[in-house]
Structures are given as C-alpha cells and as structure tokens.
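First residue of the sequence shown? That's 4 in my numbering, and the numbers climb one at a time after it. Glycine residues also receive a C-beta, built at the ideal position from the N, C-alpha and C atoms. All of these numbers come straight from a predicted model, not from anything done at the bench. I have placed the structure first, in the form of structure tokens, so that the comments after it can refer back to it.
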Amino acid sequence: IVFPLRYFMGAYLSTLRRTFGFARPVGVLIIGLDNAGKTTLLYKWQLGEVISTVPTMGFNMERFVKSNCKFQVYDVGGQTALRRFWSNYYRHADVVLFVIDGSDHERFGKNQEELLELLNHTQLKKALLGVLVNKKDMHGAKTAKDLKSSLADFPIHTRIEWEVFETSMLNGEGVADVMKWIVDKMQEKGAV
4 IVFPLRYFMG
14 AYLSTLRRTF
24 GFARPVGVLI
34 IGLDNAGKTT
44 LLYKWQLGEV
54 ISTVPTMGFN
64 MERFVKSNCK
74 FQVYDVGGQT
84 ALRRFWSNYY
94 RHADVVLFVI
104 DGSDHERFGK
114 NQEELLELLN
124 HTQLKKALLG
134 VLVNKKDMHG
144 AKTAKDLKSS
154 LADFPIHTRI
164 EWEVFETSML
174 NGEGVADVMK
184 WIVDKMQEKG
194 AV
C-alpha cells in the first residue's frame with residue numbers, strides 16, 4: 004500500500020506542477036572525453052539539427068522544452084584540464100550522460116576509468132546515468148556490448164540507475180531513444 008500511495012502522490016504533485024507552470028527543469032549534465040559528441044548532442048536536441056561545433060572550453064548551458072518537459076542542460080568540456088571540474092556540476096544533475104567516442108579505441112580505457120569513477124561517486128547516487136557509445140556509424144566502432152563486457156570485472160559500488168545506448172549524433176541514431184528514456188524515468192519519479 005505504501006508504494007502505490009507514494010507513486011500516486013508523486014504523479015499528482017507533478018501534474019499540479021505542470022498545470023500551474025511550477026515544474027522545475029530536469030537538470031542534465033553531459034560529460035565525456037573531448038571530441039566524443041557532447042555539444043553535438045546538446046544542439047541536436049535543442050535545434051533538431053547537427054551544427055558545426057568547436058571544442059568546448061568550459062561549458063555550455065541551454066534551456067529548452069522537449070516532450071512537454073523542461074530541460075536545463077550543461078555540456079562540460081572533456082579536455083584533461085576540465086575533467087576535474089565535472090564534479091562541480093553534479094549537484095545540478097538529475098541525469099548524467101557520459102558520451103564515449105566509440106571509434107576512439109586508443110582512449111577506450113580512459114573512458115572506462117572515468118565511467119567507473121562516475122558510477123561510484125556518492126554525489127550521483129540519486130541521478131540517472133546514461134552512457135552513450137557514440138559514433139556507431141563509424142567502421143569498427145565499439146558497441147554497448149563491448150563497454151558492458153569491459154566493465155564486468157570491476158566492482159561497481161553504486162545505487163545509480165544506469166543504461167547504455169549506442170548513438171550516432173550525425174545521423175541521429177539512438178538520440179531520440181536517450182531523450183525518451185530520460186522523460187520516461189523522470190515521469191516515473193514524478194519529477195516532470
């Protein structure tokens with residue numbers, strides 16, 4: 004009886020917030036190593052098209068509405084010097100998207116290290132984590148299965164709910180699936 008009551012109260016409150024325009028935007032943090040496709044994802048969602056981007060030196064923040072849901076999205080640069088600042092953005096995050104360049108085999112291990120650190124970070128225990136293995140359109144790109152099997156031997160001490168997606172920002176494959184997953188999960192939590 005407690006679970007259904009909590010579920011219905013969350014749904015009821017989120018309906019009231021939406022109806023009266025008080026819904027807080029869903030905070031999305033997009034991180035990953037440089038040249039993975041983070042900024043391309045942000046503007047693909049906001050503008051509906053791929054635009055030419057330059058490496059992010061710092062961060063981009065955009066607000067938009069998608070699927071009747073308000074979003075506030077932070078795209079933080081992935082260069083080595085900027086990675087230490089990622090944790091400054093965790094408090095804004097309902098959802099963290101970690102984007103991996105699946106065609107960059109040389110840095111797959113570094114992606115794995117950063118991802119394991121994310122999965123075990125205590126500040127993110129309430130956030131959703133989406134891992135996007137990007138550039139699936141490139142010949143020989145790593146897959147979601149490759150990533151999952153590479154993490155199988157590592158202890159993951161987390162309560163984070165996470166999902167792995169294969170995407171191509173350029174042709175749009177998997178991008179809508181990620182957005183749908185976020186909206187569905189936020190609706191389940193009564194956050195939108």
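Run of the beta strand (DSSP E) containing residue i, from where it starts to where it stops
{"i": "Gln75", "result": "Cys72 to Val79"}
{"i": "Arg66", "result": "Phe62 to Lys69"}
C-alpha distance - residue i paired with residue j, whole-angstrom precision
{"i": "Arg87", "j": "Leu118", "result": "14 Å"}
{"i": "Ala84", "j": "Ala179", "result": "31 Å"}
{"i": "Ile4", "j": "Gln190", "result": "Unreliable positioning characterises Ile4 in this predicted model, as indicated by a pLDDT of 46, which lies under 50. A coordinate reading is not provided."}
{"i": "Phe111", "j": "Ala144", "result": "11 Å"}
{"i": "Lys192", "j": "Tyr92", "result": "21 Å"}
{"i": "Gln49", "j": "Asp156", "result": "37 Å"}
{"i": "Lys128", "j": "Ile185", "result": "16 Å"}
{"i": "His95", "j": "Met141", "result": "33 Å"}
{"i": "Gly51", "j": "Glu120", "result": "32 Å"}
{"i": "Phe74", "j": "Asp149", "result": "31 Å"}
{"i": "Gly133", "j": "Thr125", "result": "17 Å"}
Whether residue i touches residue j by CB criterion (8 Å)
{"i": "Val76", "j": "Leu45", "result": "yes"}
{"i": "Val31", "j": "Ala194", "result": "no"}
{"i": "Glu164", "j": "Leu131", "result": "yes"}
{"i": "Ile33", "j": "Asp78", "result": "yes"}
{"i": "Thr42", "j": "Asn71", "result": "no"}
{"i": "Thr170", "j": "Asn137", "result": "yes"}
Nearest neighbour of residue i, chosen from the options [CA to CA]
{"i": "Leu173", "options": "His124, Leu154, Asp149 and Lys139", "result": "Lys139"}
{"i": "Val167", "options": "Trp48, Leu135, Gly175 and Val186", "result": "Leu135"}
{"i": "Asp181", "options": "Gly143, Lys129 and Val102", "result": "The sequence shown places Val at residue 181, rather than the Asp named in the question. Ranking the options by Cα distance to Val181, first place goes to Val102."}
{"i": "Gly177", "options": "Trp89, Ala147, Thr42 and Tyr92", "result": "Ala147"}
{"i": "Ser152", "options": "Gly133, Asn71, Ile185 and Gln115", "result": "Gln115"}
{"i": "Gly61", "options": "Phe74, Gly133, Gly40 and Trp89", "result": "Trp89"}
{"i": "Asp187", "options": "Leu154, Gly175 and Val98", "result": "Val98"}
{"i": "Ala39", "options": "Leu100, Arg27, Phe74 and Asp149", "result": "Leu100"}
{"i": "Gly175", "options": "Asp107, Ser55 and Lys47", "result": "Lys47"}
{"i": "Val57", "options": "Arg66, Gly80 and Gly35", "result": "Gly80"}
{"i": "Arg27", "options": "Leu154, Asp37, Lys113 and Arg66", "result": "Arg66"}
Opposing strand residues paired with residue i [DSSP bridges]
{"i": "Trp165", "result": "Leu132"}
{"i": "Asn137", "result": "Asp104"}
{"i": "Leu32", "result": "Tyr77 and Val99"}
For residue i, the first and last residue of its enclosing alpha helix (DSSP H)
{"i": "Ile54", "result": "Here Ile54 belongs to no alpha helix (DSSP H), and DSSP marks it neither H nor E."}
{"i": "Val178", "result": "Val178 to Glu191"}
{"i": "Gln49", "result": "Lys41 to Leu50"}
{"i": "Phe111", "result": "Phe111 to Leu122"}
{"i": "Arg86", "result": "Thr83 to Arg86"}
{"i": "Ser153", "result": "Ala147 to Leu154"}
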